[in-house]
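Encoded as structure tokens, the structure appears first; notes follow it.
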Amino acid sequence: MFIDLALIVAATGAALVLRDNFEVTPERAAAAAPYLLCTLVSAAVILPAFGAHRSVWGFTGLPDLLRVAAATVAIVISAVTLGFVLNRMDGVARALPPLQGVLTLVFLIAARVSTWLWRRSGVAPGRAGAVLASTCRTVLVLGVGEVGALYLRAVSIHARDSIRIAGFLDDDGRHIGRSVHGYPVLGAPERVAELLRDLELHGVFVDAVVVAADFETLTPLAQRALLDLEASSDVVLEFLFDQLGLGGGSGRGVSAATFSVDPEEISKAIARPYWRVKRVLDVIGALVLLGALAPLLLLAVAISVIDVGWPPIFWQQRPGRFGRPFKLYKLRTMAPAHDEEGRRVPDELRASALGRLSRRLRLDELPQLLNILAGDMSFVGPRPLLPIDQPRGCMARLMATPGLTGWAQVKGGRAISAADKAALDIWYVRNASLALDIEIMLLTVSLVIFGDRVDPAAICDARRDLRQAAPRHLSESELAARRFLPTTREEAA
Numbered sequence: 003m004f005i006d007l008a009l010i011v012a013a014t015g016a017a018l019v020l021r022d023n024f025e026v027t028p029e030r031a032a033a034a035a036p037y038l039l040c041t042l043v044s045a046a047v048i049l050p051a052f053g054a055h056r057s058v059w060g061f062t063g064l065p066d067l068l069r070v071a072a073a074t075v076a077i078v079i080s081a082v083t084l085g086f087v088l089n090r091m092d093g094v095a096r097a098l099p100p101l102q103g104v105l106t107l108v109f110l111i112a113a114r115v116s117t118w119l120w121r122r123s124g125v126a127p128g129r130a131g132a133v134l135a136s137t138c139r140t141v142l143v144l145g146v147g148e149v150g151a152l153y154l155r156a157v158s159i160h161a162r163d164s165i166r167i168a169g170f171l172d173d174d175g176r177h178i179g180r181s182v183h184g185y186p187v188l189g190a191p192e193r194v195a196e197l198l199r200d201l202e203l204h205g206v207f208v209d210a211v212v213v214a215a216d217f218e219t220l221t222p223l224a225q226r227a228l229l230d231l232e233a234s235s236d237v238v239l240e241f242l243f244d245q246l247g248l249g250g251g252s253g254r255g256v257s258a259a260t261f262s263v264d265p266e267e268i269s270k271a272i273a274r275p276y277w278r279v280k281r282v283l284d285v286i287g288a289l290v291l292l293g294a295l296a297p298l299l300l301l302a303v304a305i306s307v308i309d310v311g312w313p314p315i316f317w318q319q320r321p322g323r324f325g326r327p328f329k330l331y332k333l334r335t336m337a338p339a340h341d342e343e344g345r346r347v348p349d350e351l352r353a354s355a356l357g358r359l360s361r362r363l364r365l366d367e368l369p370q371l372l373n374i375l376a377g378d379m380s381f382v383g384p385r386p387l388l389p390i391d392q393p394r395g396c397m398a399r400l401m402a403t404p405g406l407t408g409w410a411q412v413k414g415g416r417a418i419s420a421a422d423k424a425a426l427d428i429w430y431v432r433n434a435s436l437a438l439d440i441e442i443m444l445l446t447v448s449l450v451i452f453g454d455r456v457d458p459a460a461i462c463d464a465r466r467d468l469r470q471a472a473p474r475h476l477s478e479s480e481l482a483a484r485r486f487l488p489t490t491r492e493e494a495a
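First residue of the sequence shown: 3, per our numbering; consecutive thereafter.
Here it is as structure tokens:
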């Protein structure tokens, strides 16, 4: 992170020089010093919160660059806010923060991309000796895609002398006759035997076909051609998807019963235009609140450090939209789970009075504004649960982006069962609207002030609607097995 901080200092200095037309006086530099300090304080908190400093630069990808961009925006907004509170930005030109943001983004991304390019241009690791040509394996790669490209990259780095690529097979006719990283796409997998005979005429003898695609997604003709080839020749099939543990990930094995609601109905619900509007509102709201609450967030971080020590940020992996895992951030409010001798510390002894107050006022959830800005969360939606707490048969609640607060929180919160929360969450997914989101946010303010309140009528309505929306092919016993459905007349009344 120290390199990132140095780059931010350099970008801020460059912005000051450009703003003053390369005529920076000592007085101007001194006037900008408090703003630079605010920038460094903000960066020291925001870079770890976004995880922008953790990526290995030689393996930088698009998600890493997006995190850097989001962190840069947050740093500039926070620095401006702190600078205004400190001395009303006295002596700092209005054009400096935007210019600083652009140059900071350029410096941080350029450093990462340059390292990535330098690594890619490097030669393969040295070997004890040259590999004899007779020991080289010649392979065909089936599948023009990311997994196939990954295989090529691995071969070029680690096995360029021991594995030779004869070409590609692909079932997309648009790719045939073209090339991937210089290797020709020879034809469709159904023609694999014919293509191998053609290669043999040119003195190329294939030892293996690397299947860099999910075998189950290939056409029956392609599957049969490959299996027949393996059975009738010495050519080996290597299923890269299975070796990487990627097989069976298409999601076709998910039954309608897993959703508890007709999947077609849920698909229509999440396809409504409001969800796109909601994302725009989330980004605007997160940016505004990050700027407005930056002093409060920094104060809460300082209290957390004083109370429970470093680091102040705690994260947990939670299932997000469609079940994709993401890191949910919170401020630490509890001491470590084990003492210096490794003994387990009871939870009631880990939380201090300050920690309990922070959780009561929801201050520990302020870092989740960063999750909202990153798109992992929304202001309103089903709360992201730990995988072990995710109710079985409630896939429908994972169809929406998880929220900072939700219908289940304002209608019962910690006082109701996981089954009732699931019913309320699914009801929200089916009925989400701007008016409902505003109502939930207003009720959340009341919840913070007065505590959790249970609304039996809302729970009963959600359970009744969920029962009516359950897939029609499920029997009553199957419905009852999904614990959140009423099973008696009194409960259904």
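Ideal placement from N, C-alpha and C gives every residue a C-beta, glycine not left out.
Are the Cβ atoms of Ser-380 and Lys-280 separated by less than 8 Å? yes
Within the continuous beta strand (DSSP E) that includes Arg-320, where are the two ends? 315-321
Can you tell me whether DSSP reads Leu-368 as helix, strand or coil? coil
Count the other CB atoms within 10 Å of the CB of Val-373; is the residue buried (16 or more) or exposed (fewer)? Residue identity check: residue 373 is Asn in the sequence provided, not Val. Flag for Asn-373 reads buried.
Please state the DSSP three-state secondary structure of Val-290. helix
From Leu-142, Val-146, Ala-215 and Gly-247, pick the residue whose C-alpha is nearest to that of Ala-195; which is it? Leu-142
Mind the definition here: the stretch 79-88 touches the stretch 19-28 only if three or more C-beta pairs lie below 8 Å; say whether that holds. no
Note down the Cα distance separating Ala-464 from Met-397, rounded to an integer number of angstroms. 16 Å
Measure the C-alpha to C-alpha separation of Val-43 and Leu-88 and round it to an integer number of angstroms. 13 Å
Once the 5 residues before and after Phe-328 are set aside, which same chain residues still bring their CB inside 6 Å of it? Gly-322 and Asp-378
Where do the N-terminal and C-terminal ends of the beta strand (DSSP E) with Ser-380 fall, by residue? 380-382
State the DSSP-derived secondary structure class of Phe-170, mapped to helix, strand or coil. strand
For Arg-139, which beta-bridge partners are listed by DSSP? Ile-165
Could you say if the stretch 355-368 and the stretch 273-290 meet the contact criterion of at least three C-beta pairs nearer than 8 Å? no
If we ignore side chains and look at the alpha-carbon of each, how far apart do Arg-432 and Gly-247 end up? 34 Å
Under a Cβ-count criterion, where at least 16 other Cβ atoms within 10 Å of its own Cβ denotes burial, should Val-412 be classed as buried or exposed? buried
At which residues does the beta strand (DSSP E) containing Glu-221 begin and terminate? According to the sequence displayed, residue 221 carries Thr and not Glu. It is not in any beta strand (DSSP E) - Thr-221 carries neither H nor E in the DSSP assignment.
Suppose you measure from the CA of Met-3 to the CA of Asp-92; what does that come to, to the nearest Å? 29 Å
Would Ala-51 and Pro-369 qualify as a contact pair, given that the criterion is a beta-carbon distance under 8 Å? yes
Tyr-276 vs Leu-444 beta-carbon contact at 8 Å: no
Write down the C-beta distance between Ala-460 and Leu-426 rounded to the nearest angstrom, noting that I regard them as a contact closer than 8 Å. 7 Å
Using a Cβ-Cβ cut-off of 7 Å (strictly less than) and excluding sequence neighbours within five positions of Val-450, which residues of its own chain qualify? Leu-363 and Arg-364
Between Val-447 and Tyr-331, what straight-line distance do the alpha-carbon atoms span, to the nearest angstrom? 21 Å
Cβ neighbours of Leu-291 in the same chain (closer than 8 Å, five flanking residues each side left out): Leu-371
Can you tell me whether Thr-407 is helix, strand or coil according to DSSP? strand
Do you know whose CA, among Leu-239, Ala-224, Arg-455 and Phe-452, lies nearest Asp-209's CA? Leu-239
Phe-109, buried or exposed, once every other Cβ within 10 Å from all chains shown has been counted against 16: buried
By Cβ distance, which residues of its chain are closer than 6 Å to Arg-114, with the 5 residues on each side in sequence left out? Trp-59 and Thr-62
Is the Cβ-Cβ distance between Met-336 and Arg-346 less than 8 Å? no
So, is Asp-230 buried or exposed, given that buried needs 16 or more other C-beta atoms within 10 angstroms? exposed
Mapping the DSSP letters down to three states, classify Pro-65 as helix, strand or coil. helix
DSSP-derived helix/strand/coil call for Arg-455: coil
Out of Leu-98, Leu-49 and Ala-71, state which residue places its alpha-carbon closest to the alpha-carbon of Ala-35. Leu-98
Decide if Gln-102 is buried, meaning its Cβ has at least 16 other Cβ atoms within 10 Å, or exposed. buried
What are the partner residues of Pro-327, as DSSP defines its beta bridges? Pro-321
Is the distance from the Cβ of Ala-215 to the Cβ of Gly-293 below 8 Å? no
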